[in-house]
Structure formats: C-alpha cells, structure tokens
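Encoded as structure tokens, the structure appears first; notes follow it.
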Amino acid sequence: MIVFERRVEANALWTLLSFIMAAVAGLAVSAILIASTGANVAEVFGALLQGSVGSPKALAATLVKATPLILTGLATVIAFRAQIWSIGQEGQVFAGAMGGYLGAQLLAGLPPLLFFPGVLALGMAAGMGLGWIAAVLRNRFAVNEIISTVMLNYLVVYLLSWLLQGGPWGETGGTIAYHQSPMLPDTAFLPALFGSSRLHAGVLLPLLAAAICALVMSRAPLGYEIRGLGYNPEALRHKGVDIARTVSVIMMASAALAALAGAIELFGVSHRLRADNLIGLGYAGIIVGMIGGLSPIGTVFAGLFFGGLASGAVYMRVLGDVPASLVPAMQGITLFFFLCAGVLARYRIVMKVAVQ
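This is the structure in structure tokens:
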C-alpha cells in the first residue's frame with residue numbers, strides 16, 4: 142500500500158530538485174504537444190525565451206506581469222500558513238482597483254508624493270474591508286471562510302460590472318456604453334522607472350512586500366501567531382492570544398496585499414477600470430503562492446516564472462507560429478507538474494505492507 146507521510150521539515154535541496162524536475166517534465170510534455178502541431182520545437186521555445194527575458198523590453202513585460210501574481214501569492218501565503226482558507230483574492234483585486242479609482246477622483250490635484258500613496262492606501266483599505274467582513278463572519282457566526290470569500294468575490298465583480306455598464310463610472314460615446322471607465326489623466330499613471338519604459342514603479346512593491354512578509358513570518362510576534370494558528374490554535378489560546386483578533390488581522394493583511402495588486406494594475410498598466418484586465422489575477426495568485434511553497438521568497442520566484450510564461454506567450458504565438466490554444470495548455474501542463482512537485486516537497490511516499 143502506498144501512503145503519503147508529511148515531512149516534519151521540508152528539505153531545501155529536495156524541494157529545489159523537485160521543482161527543477163517539474164520544470165523539465167513540463168517542458169518535455171510541452172515539446173511533445175508543440176511537435177504534434179507541426180511547429181519547430183526549438184523555434185517555439187526560442188520565442189518563449191525571447192518574449193520573457195530576451196531583451197530589456199521583454200524583461201520589463203515579465204516583471205509587470207509578475208507584479209500582481211506575486212502580491213496575490215503573498216496574500217495566499219499569509220492566510221494559508223495560518224490555515225485560513227481564504228479564496229477571496231480575486232474579489233480583493235477588484236476591490237483594490239475600485240478603491241484606487243475612487244481615490245483618484247477624491248485626491249485629484251495632489252502632488253505625486255501624496256497622490257500615489259493615497260490612492261494605493263485607499264485601494265488596500267477597500268480590500269481590507271472585504272477581509273474584515275469575512276473575518277467577522279468566521280469569528281462571530283462560524284461561517285466557513287471559503288464560502289464567505291467566494292460569495293464576496295461574486296459581489297464585488299458584479300458591483301464593478303454595474304458601475305461600468307450604465308453606472309456612474311461607465312464610459313459612454315454617444316448612445317454606446319463601453320464596459321470600462323474613462324481613461325485616467327496622465328498625472329495618475331505610476332511613473333516609469335526608465336523614461337518611456339513600460340516598467341512602472343509599482344514593480345518594486347512586491348519585492349518590498351515579500352521582504353516584509355519574510356521578516357514578519359520569521360521574527361515578528363504576528364508571524365509566531367500565524368504559525369501557531371496553523372499548527373496548534375489551542376496552544377495559542379492557552380497562552381492568552383486572542384484568536385478572533387489574530388484571524389481578523391491575518392485576513393485583513395492578506396486582503397490588503399491582494400487589493401494592492403488591483404490598484405497597481407489600474408495605475409501602472411490599464412489606466413482605466415476594465416474587468417477583463419483583472420479577471421483571474423486573484424485565483425492565479427493562489428496557485429503561485431502554493432507553488433512557492435507558501436514561502437514569501439518562493440512566491441517571488443514562482444510569480445516571476447509565471448510572469449515570464451505570460452509575457453513570452455505573445456511571442457510564441459507570433460514568432461513560433463503555434464495555435465493560440467496551445468499556450469494555455471502549456472501553462473496548465475507546467476502548473477500540473479509544479480503542483481506535483483509541491484506535494485513531493487512536503488510529503489514522502491512510503492510503501493507499507495498490510496498486516497493480515
């Protein structure tokens with residue numbers, strides 16, 4: 142009989158080898174798929190590399206694509222390490238963009254040093270509101286956070302849909318209503334790091350957030366409470382820790398990071414509210430956080446990897462001459478092997494002989 146036994150402590154070298162093997166396996170199966178379409182495997186993979194890291198422009202695109210994935214991944218790390226199974230990152234991304242857009246209207250005219258921190262803070266506050274609601278439902282009414290956060294996702298997505306489709310934020314042209322807001326003024330665009338580059342200043346925030354998360358998780362009292370809540374909440378309670386307060390803080394901090402991703406996408410990439418620019422970022426972040434081993438540093442690397450896949454996919458379709466449907470298939474295959482690697486990193490496979 143084959144059983145999975147959880148490792149007391151994951152071996153760093155084995156974890157690294159597991160993910161290297163996952164990358165090799167994903168590339169091998171993807172190569173078979175590419176060959177089945179008649180495309181040149183070397184050209185397709187060359188296009189992927191060129192589109193992800195082959196030039197300063199490609200590298201900038203990878204960093205921009207990775208930014209929301211890292212932030213929503215970090216949101217997942219904080220919650221899941223405490224065994225709080227929040228699935229609300231998707232709605233919190235939307236809330237962050239909506240809060241930021243409202244802030245852009247309220248704070249218009251302020252100098253950049255006040256405007257950008259203000260709108261990002263309002264975006265984070267909107268996400269924290271969703272986290273607080275889910276925490277109250279869990280603490281006071283014993284509502285499972287999976288249910289509450291998924292329901293809140295739908296609520297926020299449909300709220301944005303109403304605001305943009307005939308609502309007060311929708312852009313109209315004559316009698317035609319567009320499913321987007323008017324473009325923000327140029328002064329509300331996050332400044333570029335290198336002149337006219339697409340690389341905006343927001344790409345620095347995930348790295349700062351990851352460093353803070355790593356420090357908090359390893360050194361701060363909140364990090365101890367997060368680990369304790371995940372491993373043995375009763376022990377925390379006996380030590381006098383207010384479990385309800387800790388749950389609220391964790392869920393609100395997680396929501397703030399996911400909402401920051403939405404606000405950065407608004408001010409750094411799309412420069413207008415559009416649902417299709419935000420869809421999937423929260424759910425993808427859950428995957429990134431899991432693949433990163435629920436580690437802040439691992440999440441950064443996982444986010445960069447999938448950001449590279451996303452930016453390289455455009456070049457694959459154009460230069461590699463592959464069907465558009467092949468790109469998400471390759472991403473799904475790679476994801477599958479990485480998830481398998483995550484299981485192998487945390488569990489050992491043991492053969493047990495059944496005793497008659």
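Here the sequence shown is numbered in my numbering, starting from 142 and rising by one per residue.
Glycine is no exception: its CB is placed at the ideal position from the N, C-alpha and C atoms.
Query: Distance, L174 Cα to L157 Cα; Result: 26 Å
Query: Beta-carbon contacts of E146 that lie in its chain and below 7 Å, excluding the five residues immediately before and after; Result: Y488, R489, V491
Query: Proximity winner among A351, S322, F186, relative to P437 (alpha-carbon distances); Result: A351
Query: Pairwise C-alpha distance: Q321 and Q306; Result: 8 Å
Query: For R147: DSSP bridge partner residues; Result: Y488
Query: Opening and closing residue of the alpha helix (DSSP H) in which K493 lies; Result: Run containing K493: none; DSSP gives neither H nor E here.
Query: Contact between the segment 218 to 228 and the segment 240 to 253 (3+ Cβ pairs under 8 Å); Result: no
Query: Extent of the continuous alpha helix (DSSP H) to which Q191 belongs; Result: 182 to 194
Query: Of the residues I161, Y372, G179, the one placed nearest P464, counting alpha carbons only; Result: G179
Query: Exposure label - E231; buried when at least 16 CB within 10 Å; Result: buried
Query: Reduced DSSP secondary structure (H/G/I, E/B, other) of A385; Result: helix
Query: Same chain, Cβ closer than 6 Å to A276, five either side skipped, listed in chain order; Result: V388, S389, M392
Query: According to DSSP, residues forming a beta bridge with A333; Result: H341
Query: Unbroken stretches of the alpha helix (DSSP H), 4 residues or longer, contained in the segment 444 to 492; Result: 467 to 487
Query: Between the CA atoms of V297 and G240 - distance to the nearest angstrom; Result: 11 Å
Query: Same chain only: Cβ atoms within 8 Å of L401, ignoring 5 sequence neighbours per side; Result: L212, G237, L261, G264, M265, G268, L346, A350
Query: Same chain, Cβ closer than 6 Å to G439, neighbours up to 5 away in sequence not counted; Result: G433
Query: Coil, strand or helix - G179 by DSSP; Result: coil
Query: Distance CB(G444)-CB(G214) smaller than 8 Å; Result: yes
Query: N- and C-terminal bounds of the alpha helix (DSSP H) containing G250; Result: First-last for G250: undefined, no H or E at that position.
Query: Buried or exposed by the 16-neighbour rule on C-beta atoms within 10 Å, applied to Y456; Result: buried
Query: Q230 - DSSP class collapsed to helix/strand/coil; Result: helix
Query: For G270, the nearest candidate out of F446, A397, V459 (CA to CA); Result: A397
Query: Residues near V284 by beta carbon distance below 7 Å, same chain, minus five either side; Result: L278
Query: Cβ-Cβ distance between E184 and S227 below 8 Å; Result: no
Query: Rounded C-alpha distance that separates A201 from A329; Result: 20 Å
Query: Span separating the alpha-carbon of Q233 from that of M142; Result: 43 Å
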